[in-house]
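**Q** So this note's numbering is basically just the index in the sequence shown, starting at one, shifted up by 184. Glycine included, each C-beta is placed from N, C-alpha and C at the ideal position. These numbers come from a predicted model, not from an experiment.
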Amino acid sequence: MDTIDTIRYAGPAFGAQADPQSRRGFIGRLVFVVRSVAKQIDRMLQRRRGRLALMEMTDDQLKDIGISRCDAYREGIRAFWE
């Protein structure tokens, strides 16, 4: 009969709240998703700032990097998410 005493259920009792470890998993995933979205938005905004800077360049500056005014304008009017 001693073997029955050694078998124990380690989980929470029926009707008890889940332990904080399982909630950290959800919150950790939520934080990961929010950070990923924030990074994606930051990349899109950086791309937009770069395109606006390209449109503000002079013809000589564009010539130095090998881009025509038409190409710079075409790139500059693109949406920030493209």
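1. Sort 265, 238 and 264 by Cα distance to residue 257 and report the nearest one.
2. Taking residue 149 as part of the alpha helix (DSSP H), name the residues at either end of that continuous run.
3. According to DSSP, simplified to helix, strand and coil, what is residue 263?
4. Take residue 261 as the anchor and find which of 235, 221 and 240 has the nearest alpha-carbon.
5. Going by DSSP in three states, residue 241 sits in which element: helix, strand or coil?
6. Would you kindly work out how many angstroms separate the C-alpha atoms of residue 215 and residue 221, rounded to a whole number?
7. Measure the C-alpha to C-alpha separation of residue 213 and residue 255 and round it to an integer number of angstroms.
**A** With the given structure in hand:
1. For the purposes of this step, residue 257 is identified with residue 73 of the sequence shown, where counting begins at 1. Selected option, being the one with the closest Cα: 238.
2. Any answer about residue 149 is impossible in this case: the structure gives the chain only from 185 up to 266.
3. Residue numbering aside, residue 263 sits at position 79 when the sequence shown is read from its first letter. Coil, per DSSP.
4. Here the question's residue 261 lines up with position 77 in the sequence shown. Ranking the options by Cα distance to residue 261, first place goes to 235.
5. In the sequence shown, the residue the question calls residue 241 occupies position 57. Coil at residue 241, not helix or strand.
6. Residue numbering aside, residue 215 sits at position 31 when the sequence shown is read from its first letter. Residue numbering aside, residue 221 sits at position 37 when the sequence shown is read from its first letter. Their Cα atoms are separated by approximately 10 Å.
7. Looking up residue 213 in the sequence shown gives position 29. Looking up residue 255 in the sequence shown gives position 71. About 42 Å.
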